[in-house]
Every structure is written in C-alpha cells, then in structure tokens.
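**Student:**
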DNA sequence: TAATTTATACAGTTCAAACTGTACAAATTA
DNA sequence: TAATTTGTACAGTTTGAACTGTATAAATTA
C-alpha cells in the first residue's frame, strides 16, 4: 500500500494542505484529552496516514527529533489512541492510530472517570469514619459542621455511583441503545 | 452562619485533617478537568466551607498570595464551578463553590465536547470540498488517497453527530432517564 | 564473534506557566 | 475633599515540561 514517503511528492500538495487544516484542528482540541498540541498533531498525522508508522517517519513528518517521537508515541500508546503493530520483516517499531472515535472516546473518558472515582472514594472512605465520630461530639459547633460535611460526602458518593453506572454503560455499549450511533451513509 | 476564621480554632483540628484527605484527592483528580492542583485545592476548600469566601480568606486558607487567589478564582469562575455572590454590607468579592457535582459534570464536559465539535467540524467543512475535488482527479493514486480521506471524514462527522446528541441529552437532563441518579438516603 | 541498526536513558537547553510583591485604578468611607 | 480598602495589571522569579543531541543498551545481521 501507500508508503509514507510518497506523500511528500508534489502531486499530494493540495491534499496535504487540506489534511493540515484538520490536523491542526484536531491537535488544538486534544487539550481536552490532556494531550499537548504536538502529541495531538502526531496522532492526527497517523490518523490520516492510516498506515503503521515508524519513529523515523514520524520525525520526518513533524520535523522533530526521534527522541521526541519516541516519547510522544509512548504517550499515545498509554492513552490507548494508537496501537503498536507488528509487520513481517520490519525490524522497527510500528505505531498505528486507532481510527474509531467511539472507541477512543470510551477509552479516554472511562479511564479518567474511573481514576476520579477511585482516588476520591478512597479518600472519602478514609475521612468519613473520622467525621462520623466528630458528628457525635459534645461540642455542638463541631457536631454541626461535621454533619454538614457528612451530607456533602453523601452527595459526592451518590454522584460517583452515578458516574460508575455511566462508565459501565459506555464500556458495555449500552449507551448506544439510548443515544444511537448515526447510521453510515447508504 | 459559620465564619471562616473559626475553623482555625483548635477544636476543628481533626475535622480539618479529615477534610484535607478529601481536598487533596479532589485537587489531584482535577487535572482531568484541565485544572492545576492549586486550582483544584481552592475549589475543594470552598466546597467544604460551603459559604462564600473572600480572596483574603482564600489566601489565608491556602497560604498563597492574594494575587494568585484572584487569578485562580477567575479560572474557577470561567469553568463555572464557582459563582460570584453578593451579600448585603460586604464590600469584598465573594465566591462560592457550586456543590452539585451533576451540574459541574454537565458544564465541564458539554463545554469541552462542544468546543471539540465546533473546531473540528469547521475544519472539516473547509477541507472536505478540496478533498472531494481531488477525489475526481485524473491521477489514480491521488484519487485513491482522497477517497480514503473522505471516508475518514465521514466517520468523524458521524461521531460528532453522536457527540452532539450526547451533549443535548446531558444538558437537558434526558440522560438521567437512561442512567438515573441514585436516590438520596431516606 | 564483530558490525549495524534501533529505541531510549540521560543531561542540557529553552520556553511557558505558576506564583509573588508592588503599584495602581476603582470604589468606598470619612 | 482626602484617606482607606479592594481587586488586578504588571514585572520579575521560579519551576517544570517539552524538546534536542549524545551515549548506551538491546536486538539483529553478517
């Protein structure tokens, strides 16, 4: 199939310009996913190429050092938006962009939401018994504040319970029963 | 009601320690929302206080400069997780944390998702006609690559259409029909 | 075995963001 | 009016993140 080098040919000039419009837009919005512009640009570049890419190709395409590409590629790998692939006879590492946005959506947000739940629930479970004890204090002031805190914690837990359900529904695909994927053309 | 100063009294020592466990956890996970740890810590502090807070109180509570608090409070205001409130006879600006996590969830993600849609769809609408034209090129190679790009763009648009529906459903509260909020105790 | 290729660890540089203190403008009080 | 209070603009400092080039480890080839 198409080798990366060919895209540098002059006849792809217009196509590359059109692609760059979108690559820049994608790179710009990737901050929502905790990625830098550079990292976003690499992903978008790989997304359009559609083929596995080596670190050297990436360095050439973005005009950056191979060391940078090694780090950036690892970031994308950790975020699960690219895969490391293997090809017979190719000694270099190959990375390929995940092209299914529904999948990357699920990976990204579920991972983040789950981390949020875990970290915060862990802290709540540590703090709650202490506050519960204080809510039985003899000091009326302390009691009042502790009870108000307990209510806040209950609300937080209620929210995380809901978030858990949301994550499950996104990961299982149940969400698409409620909010269906638009049909493909034809 | 409870004035901030009182919380510095020794009898609230245990309570403050318990709160700090959660404040630190919340501050740590706020990076998911594009906020720094400091910004997250301020929000969490205000969340627990439950009362409107002045810049001076914030500076005292976090041991940071008033200038920092002014900037950080503005950030929280822009992210819509705190409100500027007014109290009779109080000359200072007052900020109060939004305590409804469901609301902040909706604000945060819908805002982000909408920005992503807008920026990317704008770029797609600019690039697509160019690529469409190239897909009718005489050069078979160019044609092939252009057509592959068009398919990618269609998939992207399909995804953004879905995201739009998701945003609508979160903003309208329709989502809670499918994934209900857990019931409050009692 | 030695020679070559590839990825990455590491050290150094550059740049941007976070924070501070000062100075000032706007509003309030006297 | 002048004196005081409050929030923020601005300039300077510090810190950390992104990136580069070099050196090295690991793997492959000869």
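Chains as they are written, first to last, in this note's numbering: chain U, 1328 to 1513; chain W, 1328 to 1513.
Beta carbons are placed, not taken as given, at the ideal position from N, Cα and C, and that holds for glycine.
Source: prediction; values computed, not measured.
1. Compile a chain-ordered list of the residues in the region 1352–1367 of chain U whose CB is closer than 8 Å to at least one CB of chain W.
2. Could you name the residues of chain U that residue 1439 of chain W contacts, counting a contact when the two beta carbons are closer than 7 Å?
3. Report yes if the CB atom of residue 1441 of chain W is closer than 7 Å to the CB atom of residue 1494 of chain W, and no otherwise.
4. Are the region 1452–1468 of chain U and the region 1385–1404 of chain W in contact at 8 Å, needing three or more beta carbon pairs?
5. Can you check the region 1392–1436 of chain W for any beta strand (DSSP E) of at least 3 residues that lies completely inside it and give the ranges in chain order?
6. Taking any Cβ of chain U, which residues in the region 1458–1479 of chain W have a Cβ under 9 Å from it, in chain order?
7. Would you please verify whether the beta carbon of residue 1345 of chain U is less than 7 Å from any beta carbon of chain W?
8. What does residue 1496 of chain W reach in chain U if we use C-beta pairs closer than 7 Å?
9. So for residue 1347 of chain U, helix, strand or coil by DSSP?
10. What is the residue span of the alpha helix (DSSP H) that residue 1503 of chain U lies within?
11. What are the boundary residues of the alpha helix (DSSP H) that includes residue 1366 of chain W?
12. Can you give me the start and stop residues for the alpha helix (DSSP H) that residue 1478 of chain U sits inside?
13. State yes or no: is the beta carbon of residue 1452 of chain U nearer than 7 Å to at least one beta carbon in chain W?
14. For a contact meaning CB atoms closer than 7 Å, what does residue 1486 of chain W contact in chain U?
15. Thinking C-alpha only, which one of U/1346, U/1343 and U/1508 is nearest residue 1432 of chain U?
16. When the Cα atoms are used, what is the spatial distance from residue 1497 of chain W to residue 1388 of chain U?
17. By the criterion of Cβ-Cβ separation under 8 Å, what are the contact partners of residue 1339 of chain W in chain U?
18. When you compare the CB of residue 1342 of chain W with every CB in chain U, is at least one pair closer than 7 Å?
19. Could you list which residues in chain U have their beta carbon closer than 9 Å to that of residue 1509 of chain W, in chain order?
20. With 8 Å as the C-beta to C-beta threshold (strictly closer), list the residues of the region 1376–1403 of chain W near chain U in chain order.
21. Compare the C-beta of residue 1348 of chain W against all C-beta atoms of chain U and say whether one is closer than 7 Å.
22. Just checking, does the region 1367–1374 of chain U make contact with the region 1351–1359 of chain U on the three C-beta pairs under 8 Å criterion?
23. Let me confirm a value: residue 1384 of chain U is counted as buried when at least 16 other C-beta atoms fall within 10 Å, else exposed. Which label applies?
24. Taking the alpha-carbon positions, what's the residue 1445 of chain U to residue 1491 of chain U distance?
25. Residue 1389 of chain W lies in the alpha helix (DSSP H); which residues open and close that run?
26. Hey, how far is the Cα of residue 1483 of chain U from the Cα of residue 1428 of chain W?
27. Which of the three DSSP states is assigned to residue 1441 of chain W in this structure?
28. Quick one: residues in its chain with C-beta nearer than 6 Å to the C-beta of residue 1501 of chain W, no 5 flanking neighbours on either side, listed in chain order?
29. I'd like to know whether the C-beta of residue 1405 of chain W is nearer than 7 Å to at least one C-beta of chain U.
30. By Cβ distance, which residues of its chain are closer than 8 Å to residue 1421 of chain U, with the 5 residues on each side in sequence left out?
31. What residues from chain W crowd round residue 1443 of chain U, counting only those whose CB sits closer than 7 Å?
**Tutor:** Concretely, from the data shown:
1. The region 1352–1367 of chain U vs chain W, Cβ under 8 Å: 1352, 1353, 1355, 1356, 1358, 1359 and 1361.
2. Here residue 1439 of chain W refers to the residue found at position 112 when the second chain is read from its first residue. Residues of chain U passing the Cβ test: 1359.
3. Against the second chain, residue 1441 of chain W aligns to sequence position 114. Against the second chain, residue 1494 of chain W aligns to sequence position 167. Contact: yes.
4. A contact between stretches requires three or more CB pairs, one per stretch, nearer than 8 Å, and the region 1452–1468 of chain U fails this requirement with the region 1385–1404 of chain W.
5. Runs of the beta strand (DSSP E) inside the region 1392–1436 of chain W: 1409–1412 and 1421–1424.
6. Residues of the region 1458–1479 of chain W with a C-beta less than 9 Å from any C-beta of chain U: 1458, 1460, 1461, 1464, 1466, 1468, 1469, 1471, 1472, 1473, 1475, 1476 and 1479, listed in chain order.
7. Numbered from 1 along the first chain, position 18 holds the residue referred to as residue 1345 of chain U. For residue 1345 of chain U, the answer is yes, since a Cβ of chain W falls inside 7 Å of its Cβ.
8. Sequence index remark: in the second chain, residue 1496 of chain W carries index 169 (1-based). Contacts between residue 1496 of chain W and chain U, judged by CB atoms closer than 7 Å, involve 1506 in chain order.
9. The residue labelled residue 1347 of chain U in the question sits at position 20 within the first chain. Helix at residue 1347 of chain U.
10. The residue you call residue 1503 of chain U lines up with position 176 of the first chain. First-last of the alpha helix (DSSP H) with residue 1503 of chain U: 1502–1505.
11. Residue mapping note: residue 1366 of chain W aligns to position 39 of the second chain, counting from 1. For residue 1366 of chain W, the enclosing alpha helix (DSSP H) begins and ends at 1364–1376.
12. Residue mapping note: residue 1478 of chain U aligns to position 151 of the first chain, counting from 1. In the DSSP annotation of this structure, the continuous segment of the alpha helix (DSSP H) that includes residue 1478 of chain U starts and ends at 1467–1499.
13. The sequence position of residue 1452 of chain U within the first chain is 125, counting from 1. Not a single CB atom of chain W sits nearer than 7 Å to the CB of residue 1452 of chain U.
14. The residue labelled residue 1486 of chain W in the question sits at position 159 within the second chain. Within chain U, the residues near residue 1486 of chain W are 1428 and 1429.
15. Walking along the first chain from the start, residue 1432 of chain U turns up at place 105. Ranking the options by Cα distance to residue 1432 of chain U, first place goes to U/1508.
16. Position 170 of the second chain, counted from the first residue, corresponds to residue 1497 of chain W. Position 61 of the first chain, counted from the first residue, corresponds to residue 1388 of chain U. In this model, residue 1497 of chain W and residue 1388 of chain U are separated by some 39 Å (Cα to Cα).
17. Working through the second chain from its first residue, we reach residue 1339 of chain W at position 12. Near residue 1339 of chain W (Cβ distances below 8 Å), the residues of chain U are 1469 and 1472.
18. Against the second chain, residue 1342 of chain W aligns to sequence position 15. For residue 1342 of chain W, at least one C-beta of chain U is nearer than 7 Å to its own C-beta.
19. Within the second chain, numbered from 1, the residue matching residue 1509 of chain W stands at position 182. Result: 1484, 1485, 1486, 1488, 1489 and 1492.
20. Here the close residues are 1377.
21. By 1-based counting over the second chain, the position of residue 1348 of chain W is 21. With 7 Å as the cut-off, residue 1348 of chain W counts as an interface residue toward chain U.
22. Output reads yes: the region 1351–1359 of chain U touches the region 1367–1374 of chain U.
23. Within the first chain, residue 1384 of chain U is the residue found at index 57, counting from 1. If you draw a 10 Å sphere on the C-beta of residue 1384 of chain U, you find 16 or more other C-beta atoms in it, and that means buried.
24. One-based indexing of the first chain puts residue 1445 of chain U at position 118. One-based indexing of the first chain puts residue 1491 of chain U at position 164. One alpha carbon belongs to residue 1445 of chain U, the other to residue 1491 of chain U, and they sit about 10 Å apart.
25. By 1-based counting over the second chain, the position of residue 1389 of chain W is 62. Residue 1389 of chain W -> alpha helix (DSSP H) spans 1382–1389.
26. Looking up residue 1483 of chain U in the first chain gives position 156. Looking up residue 1428 of chain W in the second chain gives position 101. Straight across, the Cα-Cα distance linking residue 1483 of chain U with residue 1428 of chain W is about 7 Å.
27. Translated into the one-based positions of the second chain, residue 1441 of chain W becomes position 114. The answer is helix: DSSP assigns residue 1441 of chain W an H, G or I state.
28. The residue you call residue 1501 of chain W lines up with position 174 of the second chain. So no residue of the chain qualifies.
29. Within the second chain, numbered from 1, the residue matching residue 1405 of chain W stands at position 78. So, not an interface residue.
30. In the first chain, the residue the question calls residue 1421 of chain U occupies position 94. The answer, listed in chain order, is 1379, 1380, 1381, 1411, 1412, 1413 and 1414.
31. Taking the first residue of the first chain as 1, we reach residue 1443 of chain U at position 116. By Cβ distance, chain W contributes 1356 and 1359.
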